[in-house]
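Under mature numbering (1 follows the signal peptide of the UniProt record, and there is no 0), the residues of the sequence shown are numbered -24 to -1, 1 to 404, in order. Just so you know, even glycine gets a beta-carbon here, dropped at the ideal spot from N, CA and C. Computed from a predicted structure; not experimentally measured. Beneath this line is the structure, given in structure tokens, with notes to follow.
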Amino acid sequence: MVLLSNVLLQISFFIIVSSSSAYAEHLGGSATFSGLVIGIPTAFSGLSLIPLMHLDQGKYKPPLHFACASTILGSVLYALAYRTNFLYLILIGRIVQGLGFTFWMYSKRYCSDPRIVGIRRRTTLAGWLVLGQGIGMSLGPFAGGLLTKIGFHNAIFNGYTSPGWIMAGAWVAFWIASGVFFEDVPDSKPADATPAIELIEVQKDVEDVPKELSTSAEASREESSGPGRVRINARQWGVIACMCWFAMTCFFVLGAWESNIPVFGAAEHALHWSPFASGNFIALGGIATFPFLLFNLFFARRMQDRQILALGSSLGLVGLLIAIAVLKTQSVNYGSFFVSWFLVALGFNLASTCTLSLLSKQLPDSWNGKTSLAIQYSNYTGRVTGAVWGGSGVKLGMLNYVGLEIAYIGVGALMFTTLWRELKAKTG
């Protein structure tokens, strides 16, 4: 159910990508506003994460119910904007949907939760999450573009509003199914349930224990006493910063391209795409990545996270370099633009599989919640800023648009090469 919820969240996020620009324009908005509509849910998702984590008690069912309710209400509000002829109701609906997108963090945390997932399965499960991301990135824009093309000419259910109504229905069905089939994680034992007996015994025999063993026991107790007692050295903080930067960069580039393609495709005289054509283009790039993302599920068991990150980032960078060459020489066509999009989609989806799993393998289990939150906030930052940047790409200049993305990769490459040895972790 967690993997299925991830797919539905991805579809909910992407289904409006191909038509949001036309929808916003119909109601009096601009391309930049449509980029904000695409990216704004993640900002409000980030704002609601910390309060929600204070209430979840380490469980997953309450956040799942909250996600279902929020996405249903947000989808309905998004659809009603056409009938009310109120531009900002699109934004309000997406903000409410964003509250439901908090479950993205919980799905990541679930797949690295030491209570149920072993250390050699975390990258593989992260690969499944990214595969769901690929499904959403493909099916969402295609379905949104198809619904826009069909039209359904009435004020309630039409090409602009149908994505909202359909996703609301899908979430109602999923909510019912999750109430029946979803099993939450078992209750964890209190952290102070057992140490008292062990501490008494160690204190009793302390004079008979060699100094080296006493020091070792003390370090062991400090290691297991919780995140407050674990000391993270400068290199480990560097690894955390590096993974957060790549988590942000991957979603910045992906979000920028997803919101830019419909705008650039409509404005570029060599393409002149409709929302349906833009949705098909985005979906085709996502579909083309499927075989490679499936292969990664098996490859991840034999390859280190740092190597997957290097491979994905390199592929994405090649795609960006091809894009800037095509734009510079003014030789934009369907084939050249598709090669760039395919490499960007494959590379940065692949790179995003290992950011959290690598941290979960290097840091104590008690830090899983904190690292999940840090990575999710990095993802959110990338999604919001990327969507707005992509919507403004044509206005600001496409060379500047791609150039900033390359600069982000350059900063990440500098961090990555500096910390290469510290990024080593178990496979799987």
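Check                                                                                                                                                                                        : Outcome
My output table needs one value for Q352: the three-state DSSP class, helix, strand or coil.                                                                                                 : helix
Using the rule of at least 16 other Cβ atoms within 10 Å of the residue's Cβ for burial, across every protein chain shown, is N61 buried or exposed?                                         : exposed
Considering Cα atoms alone, identify which of I48, L53, L107 is closest to L67.                                                                                                              : L53
Helix, strand or coil for S192, going by three-state DSSP, please let me know.                                                                                                               : Confidence is the limiting factor: at S192 the pLDDT is only 37, short of 50, which leaves the residue's position unreliable and the question unanswerable from this model.
Which ranges would you report for the beta strand (DSSP E) in the segment 14 to 46 if only whole runs of at least 3 residues count?                                                          : none
Identify which residue in T347, Q33, I126, G369 has its Cα closest to the Cα of S(-6).                                                                                                       : I126
Measure how close the beta-carbons of D341 and P90 come, nearest whole angstrom, since I'm counting them as under 8 Å.                                                                       : 4 Å
CA-CA distance, residue 407 and A45?                                                                                                                                                         : As shown, the chain starts at -24 and ends at 404. That puts residue 407 outside it, with no answer to give.
Taking the beta carbon of I385 as the centre, do at least 16 other beta carbons fall within 10 Å, making it buried, or is it exposed?                                                        : buried
Buried or exposed: R85, going by 16 or more other Cβ atoms within 10 Å of its Cβ?                                                                                                            : buried
Taking the straight line between their C-alpha atoms, what separation do you get for C220 and S21?                                                                                           : 17 Å
How about the segment 129 to 147 and the segment 10 to 21: do they share at least three Cβ pairs that are nearer than 8 Å?                                                                   : no
Starting from the C-beta of D160, find all residues in its chain whose C-beta is less than 8 Å away, skip the five residues before and the five after it, and write them out in chain order. : K35, Y36, K37
Evaluate the contact criterion for the segment 100 to 113 versus the segment 247 to 254: three or more CB pairs, one atom per stretch, below 8 Å.                                            : no
May I ask you to report which of helix, strand or coil DSSP gives residue 412?                                                                                                               : Residue numbering for the chain in the displayed model covers -24 to 404; residue 412 lies beyond these limits and cannot be assessed.
In or out: S289 buried (at least 16 other Cβ within 10 Å) or exposed?                                                                                                                        : buried
Do the CB positions of G369 and N236 come within less than 8 Å of each other?                                                                                                                : yes
With DSSP as the reference, label P251 as helix, strand or coil.                                                                                                                             : helix
Assess contact between the segment -22 to -7 and the segment 320 to 338, defined as three or more Cβ pairs (one per stretch) separated by less than 8 Å. Is contact present?                 : no
Going by other Cβ atoms of all chains shown within 10 Å of its Cβ, with 16 needed for buried, is R70 buried or exposed?                                                                      : buried
Determine contact between the segment 272 to 279 and the segment 149 to 156, defined as no fewer than three beta-carbon pairs at a distance below 8 Å.                                       : no
Kindly indicate which residue of I382, I216, L287, T265 has the alpha-carbon position closest to the one of D352.                                                                            : Note on residue identity: the sequence assigns Gln, not Asp, to residue 352. For the residues I382, I216, L287, T265, the minimum Cα distance to Q352 belongs to I216.
So, for F240: in the same chain, excluding its five sequence neighbours on each side, which residues have a beta-carbon less than 6 Å away from its beta-carbon?                             : V370
Hey, how far is the Cα of D181 from the Cα of G74?                                                                                                                                           : The pLDDT assigned to D181 is 44, lower than 50, so where the model puts this residue is not dependable; a value taken from the coordinates is nonetheless given after this. Straight-line Cα distance between these residues: approximately 56 Å.
From R59, G76, H41, pick the residue whose C-alpha is nearest to that of V156; which is it?                                                                                                  : H41
Tell me whether F271 is buried or exposed, calling it buried when 16 or more other Cβ atoms sit within 10 Å of its Cβ.                                                                       : exposed
Please return the same chain residues whose Cβ sits closer than 8 Å to the Cβ of K400, not counting the five positions on each side in sequence.                                             : Q280, R282
Helix or strand or just coil, what does DSSP make of E244?                                                                                                                                   : coil
Please go through the same chain and pick out, in chain order, the residues whose beta-carbon is closer than 7 Å to the beta-carbon of G11, but skip the five residues on each side of it.   : S235, A363, V364, G366, G367, S368
State the Cα-Cα distance for the pair T329 and R207, rounded to the nearest angstrom.                                                                                                        : 27 Å
In the DSSP assignment, find the alpha helix (DSSP H) that holds A144 and state where it starts and stops.                                                                                   : 138 to 157
Kindly indicate which three-state DSSP category S10 falls into: helix, strand or coil?                                                                                                       : helix
By DSSP, does D163 sit in helix, in strand, or in coil?                                                                                                                                      : coil
Candidates P139, G262, N376: which alpha carbon is nearest G50's?                                                                                                                            : P139
Would you report the Cα separation of F274 and T100, rounded to the nearest angstrom?                                                                                                        : 7 Å
Could you work out which residue in G311, I(-14), I48 is closest to I298 when comparing CA atoms only?                                                                                       : G311
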